[in-house]
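Asker:
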Amino acid sequence: MILSCGEALIDMLPRQSADGEDAFAPYAGGAVFNTAIALGRLGAPSGFLSGISTDLFGEVLIAALDASGVDTALTIRSARPTTMAFVKLTDGQASYAFYDENTAGRMITPDDLPALPGTVEALFFGGISLMVEPGGATYEALMEREAGSGRVMMIDPNIRPSFISDEAAYRARIARMIGLADIVKLSDEDLRWLEGSHGIAAGASAILAKGPKIVFVTEGAAGAHAFTAAHSVFVPARKVDVVDTVGAGDTFNAGVLAALHKAGLLTRAGVAAPSEEALRAALTLGTRAAAITVSRAGANPPWAEEIA
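Using this note's numbering, the letters of the sequence shown map in sequence onto residues 1 to 308.
1) In the DSSP assignment, find the unbroken beta strand (DSSP E) run with R280 in it and report its ends.
2) Helix, strand or coil: which one does DSSP assign to R173?
3) With DSSP as the reference, label M12 as helix, strand or coil.
4) At the level of alpha carbons, what is the spacing between P157 and V217?
5) Please classify K239 as buried or exposed, where buried requires at least 16 neighbouring CB atoms within 10 angstroms.
6) Less than 7 Å between the C-beta atoms of T284 and T251, yes or no?
7) Could you say which of G30, P45 and L39 lies nearest to M1 if we only look at CA atoms?
8) Compute the Euclidean distance between the alpha carbons of P301 and A289, then round it to the nearest angstrom.
9) Which residues does DSSP pair with T218 in a beta bridge?
10) Quick one: any contact between the segment 117 to 130 and the segment 4 to 14, if contact means 3 or more CB pairs under 8 Å?
11) Please work out which residues of its chain come closer than 6 Å, Cβ to Cβ, to V60, disregarding the five sequence neighbours upstream and downstream, and give them in chain order.
12) On the DSSP letters alone, give me the boundaries of the alpha helix (DSSP H) that G135 sits inside.
13) Grouping DSSP H, G and I as helix and E and B as strand, with all else coil, what is I2?
14) Counting only the same chain and skipping the five closest in sequence on each side, list residues whose C-beta sits under 6 Å from that of G43.
15) Kindly indicate if chain B contains any beta-carbon less than 7 Å away from that of A169.
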C-alpha cells in the first residue's frame with residue numbers, strides 16, 4: 001500500500017448562483033488527499049493518514065476516500081473542525097486562502113500516530129500540512145520514524161509562500177525531509193523557491209546531492225522531467241483545454257507512484273537505480289493523468305480506464 005500522509009480539506013471553489021451572484025461550492029480536496037484519491041482511481045493500493053474531523057465535512061472527506069478505494073483505517077478522527085480553502089481562479093490558475101486554526105488535520109501530534117502495518121510499502125508527504133504546527137512536526141516525525149524501516153519515502157512540498165509564517169523554520173524542515181526522501185517532486189516554481197534561478201537541471205542536481213535518488217520536476221503545460229544520477233528524461237504534456245489546474249500536481253504524483261508500483265520499483269533498491277524506460281513510463285502516466293484532471297473542474301483525478 002502507498003500511504004499518503006498529509007492534509008484533507010474542503011476546497012471552496014468559485015461558482016455563480018442561478019441568480020448570477022458570486023458563490024462558493026464545497027469540494028473534497030487537499031494536495032495529499034488528492035494524491036491518495038488519484039492513486040486509488042488508478043488502481044494502486046492506496047491508504048491515507050491524516051487528522052479528519054467527525055463533522056459533516058469530515059464525513060464528506062471519508063466518503064470520497066471510500067468511493068475511490070482508499071483505505072481510511074489509519075485516519076485520526078476528532079471533533080475539531082475541518083480545514084477550509086477558498087480558491088480564486090485567474091486564467092485557470094488557482095490561488096488559495098486557508099482557514100486552518102485548531103482544525104482536525106492541523107492539531108495531530110506524534111502521540112496520535114499509529115503503528116503502520118507491514119502492507120505499507122511507500123509513504124508520500126507534502127502540502128500545507130508541513131507548514132503549520134503541530135501537524136508539520138508530526139508528519140516530519142513520522143517520516144523520520146519510518147525512514148529506517150526500509151519503506152520508500154516521497155515528498156512534494158507543494159510550496160505556498162503566502163501560507164508560510166516562519167520561512168526559516170519551513171525551509172529547514174523541507175531540507176531535513178528532502179534529506180530523508182528517496183523521491184522528490186517539485187514544480188518548476190517550487191524548485192526556484194528552494195534553489196534559486198539556476199535552471200531546472202542545475203536545481204534538480206542540487207536536490208539529488210542532498211540524498212534523494214529520483215527528482216521529478218513539472219513545468220505545467222510544457223511537461224515534466226525526471227532526474228537521477230544516471231538519467232535525465234523529459235516527457236511533454238498532452239495538449240488539452242484547461243478548465244483549471246486544481247489537483248494537477250497531486251494527480252501527477254499519483255501517476256508516477258502508480259507506475260513505479262506497477263513496475264515493481266517501489267523499493268529502496270528499485271528507486272535507487274531505475275532505468276530510463278521506467279522513468280519515462282512514470283512521467284507518461286503522471287502527465288497523462290494530470291492532463292485529464294486539468295480538463296475538468298476541481299480536483300477530479302481520472303480512473304485507470306480513462307487513461308489512453
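Ideal Cβ placement from N, Cα and C applies to all residues, glycine included.
Answerer: Let me lay it out:
1) Counting along the chain, R280 falls outside any beta strand (DSSP E), though it belongs to the alpha helix (DSSP H) covering E276 to V294.
2) The three-state reading of DSSP puts R173 in helix, counting H, G and I together.
3) strand
4) Taking the straight line from one Cα to the other gives about 12 Å.
5) Answer is exposed; the Cβ neighbour count stays below 16.
6) no
7) P45
8) Their backbone Cα atoms lie some 7 Å apart in a straight line.
9) Bridge partners of T218 according to DSSP: S187 and A224.
10) yes
11) A28
12) G135 to A147
13) strand
14) A304
15) Given the protein chain composition of this structure (a single chain), no chain B is represented.
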